[in-house]
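*Asks:* Mind having a look at this structure? Questions to follow.
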Amino acid sequence: MGWALALHGGAGDVPRTLPPESREPRLATLRRCLGLGTAALRDGRAALDVVELVVRELEDCPHFNAGRGSVLTADGTVEMEACVMEGATLRCGAVSGLSTVANPVSLARLVMEKTPHIYLAFDGAEAFARFQGVETKDPSHFITEQNIERLRQAKEANRVQIDYTQPMKGPQQAPQETPAPVDDNSQTG
Amino acid sequence: TVGCVAVDAAGNLATATSTGGLVNKMAGRIGDTPVVGAGTYANALCAVSATGKGEEIIRYTVARDVAALMEHRALPLRDAAARVVAGAPRGTVGLVAVSRGGEVCMAHNTTAMFRACATEAGHTEIGIWTD
């Protein structure tokens, strides 16, 4: 049937009332990335190159929760993670706990291509990035005002949030040590 | 979380996912994205990238399950993805997937997923909610 691609920018409880100034920049980035990926496939580029190219673009867009625009940990820091996989060979690479790597997806690919391992995390992943000479940034590069505000709201509500969870009004129960039953909305909003 | 799956003109499949994780997560928390078979998986049949609540995507081994249903039950991509997404707790999972034959699927049990797709046959889609 020929080439095809699909991309996503996160899923969650996005209200229909999402204002245009939040909606349009995201749709514009999706449209631009779809165009980049489509052109690359039309040029005969390999699927692995295309998915890396598209995800790098999405990582650089501050409106999505990856790379620049990553959401913040309870400590107000960024810990990014990424993964790539190639279907024909089952080769794969993954990274976690990154705080300075500009494009985590490309480091994940280097783990796949340059190491006998699959998954490097935190200090080891950061050291591998230095060794490979990938582009790095000051941790502040990844932090946006919007995500600082989201963290403040989440702390106020005493819970963690997936992409696009809407702030809830009123007192909230404290996060539980063990995962709450899934139907406990305070965990997923 | 962001992700992309592709099948190229030669039929090769690949997937990539990247994320900052959950707002207000504990330092050191690992989500589904880097756990191969949970948030990200590809084999000779399909490529999948998932997004949502990492803990649930790991519990339900979402990405690998889509591939396994195609592999062991010979389900088409769309049915396999629909079954896996329906089987996870509501409001926790979204995924994009392509098959070797160029089928595309974008499924979610959340209210919305920022998504886009295109095929050589000329189908394109960009959306947020399922209208």
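As you go down the protein sequences, you meet chains X and B in turn. Counting from 4, one number per residue, gives the positions in the first sequence under this note's numbering. Counting from 508, one number per residue, gives the positions in the second sequence under this note's numbering. Beta carbons: idealized from backbone N, C-alpha and C, even for Gly. If you're wondering where the values come from, they're calculated on a predicted model, not measured in any experiment.
#1: Starting from the beta carbon of GLY127 of chain X, find every residue of chain B whose beta carbon is closer than 9 Å, and list them in chain order.
#2: With DSSP run on the structure shown, which of helix, strand or coil describes CYS95 of chain X?
#3: I'd like to know whether the C-beta of HIS579 of chain B is nearer than 9 Å to at least one C-beta of chain X.
#4: Nearest CA to the CA of GLU627 of chain B: which residue from X:THR20, X:SER25, X:GLY12, X:ALA42?
#5: With three or more beta-carbon pairs closer than 8 Å as the criterion, would you say the region 108-127 of chain X touches the region 570-585 of chain B?
#6: Which same chain residues end up closer than 7 Å to VAL542 of chain B when comparing Cβ atoms and leaving out the 5 residues on each side of it in sequence?
#7: Tell me whether the beta-carbon of ILE146 of chain X lies closer than 9 Å to the beta-carbon of LEU101 of chain X.
#8: Alpha helix (DSSP H) containing SER143 of chain X: first to last residue?
#9: What does GLY528 of chain B reach in chain X if we use C-beta pairs closer than 7 Å?
#10: State yes or no: is the beta carbon of GLY594 of chain B nearer than 9 Å to at least one beta carbon in chain X?
#11: Tell whether a beta-carbon distance below 9 Å holds between ALA77 of chain X and ASN531 of chain B.
#12: Only counting the same chain, and skipping five residues up and downstream in sequence, which positions put a Cβ closer than 8 Å to that of GLY544 of chain B?
#13: List, in order along the chain, the chain X residues whose C-beta lies closer than 8 Å to that of ASP586 of chain B?
#14: I need the straight-line Cα distance from LYS560 of chain B to THR599 of chain B, nearest angstrom please.
#15: With distance defined between alpha-carbon atoms, name the residue in B:ASP515, B:GLU578, B:GLY510, B:VAL611 nearest to CYS624 of chain B.
#16: Does the beta-carbon of GLU24 of chain X have 16 or more other beta-carbons within 10 angstroms, so that it is buried, or is it exposed?
#17: Looking only at DSSP bridge pairs, what is TYR548 of chain B linked to?
#18: Any beta carbon of chain X sitting closer than 9 Å to that of THR617 of chain B?
*Replies:* To lay it out plainly:
#1: Under the 9 Å cutoff, chain B gives no residues; its nearest Cβ is about 13 Å from GLY127 of chain X.
#2: In the structure shown, CYS95 of chain X falls within a strand segment according to DSSP collapsed to helix, strand and coil.
#3: By this cut-off, HIS579 of chain B is not an interface position.
#4: Ranking the options by Cα distance to GLU627 of chain B, first place goes to X:ALA42.
#5: For the pair of segments examined, the region 108-127 of chain X was found not to touch the region 570-585 of chain B: the number of CB pairs separated by less than 8 Å stays below three.
#6: Non-local C-beta neighbours of VAL542 of chain B in its own chain, meaning closer than 7 Å and more than five positions away in sequence, comprise ILE565, ordered along the chain.
#7: No, they are not a contact pair.
#8: Careful: SER143 of chain X lies outside any alpha helix (DSSP H) and carries neither H nor E.
#9: Chain X residues near GLY528 of chain B: VAL74, GLU82, GLU84.
#10: Nearest CB-CB separation between GLY594 of chain B and chain X: not below the 9 Å threshold.
#11: Contact flag set, yes.
#12: THR568, ALA570, ARG571, listed in sequence order.
#13: Going along chain X, no residue has its Cβ under 8 Å from ASP586 of chain B, so there is no contact; the nearest lies around 17 Å.
#14: The straight-line gap separating the alpha-carbon atoms of LYS560 of chain B and THR599 of chain B is approximately 5 Å.
#15: It is B:VAL611 whose Cα lies nearest to the Cα of CYS624 of chain B.
#16: Exposed, since its Cβ has fewer than 16 Cβ neighbours within 10 Å.
#17: For TYR548 of chain B, which the question treats as bridged, DSSP gives the partners B:VAL555.
#18: THR617 of chain B counts as touching chain X.
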